[in-house]
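Structure record follows, encoded as structure tokens.
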Amino acid sequence: MRQPRDKRNFPEPRVPARTKHIDIQFHFIRRHVESKSIELVYCLTHEMTGDVFTKPLARPQFQKHVTGLGLTLPAAPKELQVSEPDGAQ
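Quick note on numbering: the sequence shown equals residues 0 to 88 in numbering that gives the first Met the number 0.
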């Protein structure tokens, strides 16, 4: 049978530094939301432009997010361009 923990001899565990960092960020954002200096808006997963930096995306999604950032894609070199099969229009 386990003995009850004596708090005088065993202090509570400390909060890890990583958790403290998250707490500070959370409170910073919460203060700004409460003061109405920023507004948090929900974004659907497929609308998150930041995905272009963190995930492999299909070409249409990639192009949509690149355009959303105000960037343009350079033209592919001729040796990499896909040609249409003969007779296709």
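From the three backbone atoms N, C-alpha and C, an ideal C-beta is built for every residue, glycine too.
Evaluate contact between the stretch 63-72 and the stretch 47-55, counting only Cβ atoms and requiring at least three cross-stretch pairs below 8 Å. yes
Straight-line CA distance for T44 to R58? On the sequence shown, residue 44 is found 45 positions in, with the first residue counted as 1. On the sequence shown, residue 58 is found 59 positions in, with the first residue counted as 1. The straight-line gap from Cα to Cα measures roughly 16 Å.
Rounded C-alpha distance that separates Q60 from T71: Translated into the one-based positions of the sequence shown, residue 60 becomes position 61. Translated into the one-based positions of the sequence shown, residue 71 becomes position 72. Each residue's alpha carbon lies about 14 Å from the other.
Classify V40 as helix, strand or coil using the three-state DSSP reduction. Residue mapping note: residue 40 aligns to position 41 of the sequence shown, counting from 1. V40 falls in the coil class under three-state DSSP.
Quick one: residues in its chain with C-beta nearer than 8 Å to the C-beta of L56, no 5 flanking neighbours on either side, listed in chain order? Here the question's residue 56 lines up with position 57 in the sequence shown. Around L56: D50 and H64.
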